[in-house]
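Student: Take this structure, written in structure tokens, and hold onto it; I'll ask about it next.
Chains as they are written, first to last, in the UniProt record's numbering: chain A, 1 to 255; chain B, 1 to 255.
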């Protein structure tokens, strides 16, 4: 049995990029998720079929390694593949390639199936995953946890969840948590460093109108790289944790 | 002489939609602007050629009429055309069509040419607009002004300009002003009303870190439609004014 691979090309637009003229990570994640949605749709197990069963996929975690963030105006190829599943989780990988076929980004993700009415995770149903031809394996894949925020070093910003943070799934779009996390780093830092690693765990949803705190601490790792640890909280609830690894960037992008 | 028309198709993704499963107006404007950028690029007068001359296009105003907001997963066709220009302004129209060829959205826009170093509007140069085959006409086209906010009825929210509000043009993305304006209307209103008209004027740029006030007042027009008037201000400076006309919506969208 070979797992089905699905691929789609995407041209990077100016409005998908930040001031460094490279695609923003939240936008890249949106596009990756769109491609996996397209695969499900093509295989007859898209969101609409799941909705009919009262089910929806949710993402619990992403772990990304980034060698190069795609540039403005370039066409990227995104591939995705359901790797394996067990009773509760489905593991899906993504690759992003540049025009020359170089691998720029790899991502591992953990999905779960939600009973929409009960708002509870349910057992993965064979019929929902069979078309992807992924392997059933009892083995849980342990993705490393994001690094913890160092409380004594925390920077914190408040955000209110806005109407346009909610997408057509009628939930706050996953990528918004990354927006809030990154925004605790300042303009100077973000335009002079590049992200090489991102690990984000989604724990509890936030809702329209919530006031969330985006907390962050920064430290230098032994290899000289800079690590930012992030936490999104509402009151005493942790909604999401993330860590990011940064390198000083030297290059500039032009069209 | 016939004005060059340029067109491009776009499939609406889940992350481009709001909770009503229709594309957000800020995203639609991004896509329209992308299509006009593509036309300029195809005609050899793209942003990169303008940058080499120290110039950039800026948008001063959009006026949009919306009969139907494109739905999730549908493929839309966006056409654009430079209509005419005079010493200072260039007028550009956009049409958005659904899959059946129905006209959903029309937009008139006013562009000006900016000297990037001096941050000043300059005379439109013939060589920059000649490839569009638009007509030179001394006549200024007067787009109606947005309705004024009624000060005694104002709702106001504060926003801080974030890193990810800035796009690859290294300025706050135009569509963000519409985000801030719309967000003064609440979830209940936005999910039960549809936008039929938008008029937005950009007066003074906002910058990273600025704290902006998004002010809004609402009233019912004689025809029963609801009008929201908007103003984006920083201190005593008006950065943008807009007005929007809304109708009660009855329909629901599914994939």
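Backbone N, C-alpha and C define an ideal beta-carbon position, used for all residues, glycine too. Here the structure is a predicted model, which is why all the values come from computation and not from measurement.
Taking CB distances under 8 angstroms as the criterion, tell me whether residue 17(A) reaches chain B.
Tutor: yes
Student: Might you give, ordered along the chain, the residues of its own chain that have their beta carbon closer than 6 angstroms to the beta carbon of residue 2(B), omitting 5 neighbours on each side?
Tutor: none
Student: In three-state DSSP terms, what is residue 257(B)?
Tutor: This structure does not reach residue 257(B), given that chain B is present from 1 up to 255, and the question cannot be answered.
Student: In whole angstroms, what separates the C-alpha of residue 36(B) from that of residue 7(A)?
Tutor: 28 angstroms
Student: Could you work out which residue in 18(B), 186(B), 203(B) is closest to residue 111(B) when comparing CA atoms only?
Tutor: 203(B)
Student: Of all the alpha helix (DSSP H) runs that stay within the bounds of the UniProt domain "Acyl-ACP thioesterase N-terminal hotdog" (4-132) of chain A, which reach a length of 4 or more residues?
Tutor: 25-42, 47-52, 126-129
Student: On the criterion of 16 or more Cβ atoms from any shown chain inside 10 Å, does residue 73(A) qualify as buried, or is it exposed?
Tutor: buried
Student: Specify, as a first and last residue, the run of the alpha helix (DSSP H) that residue 175(A) falls within.
Tutor: 175-182
Student: In chain order, what residues of the same chain lie with their CB nearer than 6 angstroms to the CB of residue 61(A), ignoring the 5 residues before and after it?
Tutor: 110, 143, 201
Student: Classify residue 119(A): buried if its beta carbon has 16 or more other beta carbons within 10 angstroms, exposed otherwise.
Tutor: exposed
Student: Just the C-alpha distance for residue 247(A) and residue 134(B), rounded to the nearest angstrom, thanks.
Tutor: 47 angstroms
Student: Check distances from the C-beta atoms of the region 125-149 of chain B to those of chain C and list, in chain order, the residues that come in under 7 angstroms.
Tutor: No chain C is part of this structure, whose protein chains are labelled A and B.
Student: Less than 8 angstroms between the beta carbons of residue 10(A) and residue 25(A), yes or no?
Tutor: no
Student: Should residue 20(A) go down as buried or exposed, given a rule of 16 or more other Cβ atoms within 10 Å for buried?
Tutor: So residue 20(A) counts as buried.
Student: If we ignore side chains and look at the alpha-carbon of each, how far apart do residue 150(B) and residue 215(B) end up?
Tutor: 10 angstroms
Student: May I ask which residues mark the beginning and end of the beta strand (DSSP E) holding residue 211(A)?
Tutor: 211-220
Student: Is any beta-carbon of chain B found at less than 8 angstroms from that of residue 255(A)?
Tutor: In this prediction, residue 255(A) has a pLDDT of 44, which is less than 50 and means its spatial position is unreliable; what the coordinates show is noted afterwards. Proximity of residue 255(A) to chain B, defined by a Cβ-Cβ separation below 8 angstroms, is satisfied.
Student: Which same chain residues end up closer than 6 angstroms to residue 218(A) when comparing Cβ atoms and leaving out the 5 residues on each side of it in sequence?
Tutor: 228
Student: Using 8 angstroms as the cut-off, can you tell me whether the region 51-68 of chain B makes contact with the region 186-195 of chain A, which would need three or more C-beta pairs spanning the two stretches below that distance?
Tutor: As far as the Cβ criterion goes, the region 51-68 of chain B does not touch the region 186-195 of chain A, which means the pair count is below three.
Student: Would you kindly work out how many angstroms separate the C-alpha atoms of residue 314(B) and residue 212(B), rounded to a whole number?
Tutor: With chain B represented from 1 up to 255, any question about residue 314(B) goes unanswered, as that position is not in the structure.
Student: Where do the N-terminal and C-terminal ends of the beta strand (DSSP E) with residue 201(A) fall, by residue?
Tutor: It spans 193-202 - the beta strand (DSSP E) in which residue 201(A) sits, taken as one unbroken run.
Student: With DSSP as the reference, label residue 207(B) as helix, strand or coil.
Tutor: coil
Student: Would you mind working out which of 243(A), 206(A), 209(A), 91(A) sits nearest residue 221(A), comparing C-alpha positions?
Tutor: 243(A)
Student: How would you label residue 123(B), buried or exposed, when you count the other beta carbons within 10 angstroms and need 16 or more for buried?
Tutor: exposed
Student: For my contact list, residue 196(B) and residue 76(B) are in at a C-beta cut-off of 8 angstroms; report their separation, rounded to the angstrom.
Tutor: At roughly 18 angstroms, the Cβ-Cβ gap does not stay under 8 angstroms, so residue 196(B) and residue 76(B) are not in contact.
Student: Count the other C-beta atoms from every protein chain shown that fall within 10 angstroms of the C-beta of residue 102(B), then say buried if there are 16 or more, exposed otherwise.
Tutor: With fewer than 16 other Cβ atoms within 10 Å, it is exposed.
Student: In or out: residue 127(B) buried (at least 16 other Cβ within 10 Å) or exposed?
Tutor: exposed
Student: Given a threshold of 16 other Cβ atoms within 10 Å of its Cβ, counted over all protein chains shown, does residue 125(B) qualify as buried or as exposed?
Tutor: exposed
Student: Can you name, in chain order, every residue of its own chain whose Cβ lies under 6 angstroms from the Cβ of residue 210(B), other than the five neighbours on each side?
Tutor: 161, 234
Student: Got a sec: is the Cβ-Cβ distance from residue 226(A) to anything in chain B below 8 angstroms?
Tutor: No - not a single Cβ of chain B is within 8 angstroms of the one on residue 226(A).
Student: Just to confirm the assignment, what range does the beta strand (DSSP E) spanning residue 230(B) have?
Tutor: Looking at the DSSP string, the run of the beta strand (DSSP E) that includes residue 230(B) is 226-234.
Student: Report the three-state DSSP secondary structure of residue 152(A) (helix, strand or coil).
Tutor: If DSSP states are grouped into helix, strand and coil, residue 152(A) belongs with the helices.
Student: If we define contact as Cβ-Cβ less than 8 angstroms, is residue 62(B) a contact residue for chain A?
Tutor: Residue 62(B) does not count as touching chain A.
Student: List the endpoints of the continuous beta strand (DSSP E) containing residue 240(A).
Tutor: Counting along the chain, the beta strand (DSSP E) containing residue 240(A) begins and ends at 237-248.
Student: Comparing the C-beta of residue 113(B) with each C-beta of chain A, is any distance below 8 angstroms?
Tutor: Chain A, which has no Cβ nearer than 8 angstroms to the Cβ of residue 113(B), makes this no.
Student: With 16 other CB atoms within 10 Å as the buried threshold, where does residue 254(A) fall?
Tutor: Per-residue confidence for residue 254(A) stands at a pLDDT of 49, beneath the threshold of 50, marking its modelled position as unreliable; the derived number appears in the next sentence. By the neighbour-count rule (16 or more Cβ atoms within 10 Å), residue 254(A) is not buried but exposed.
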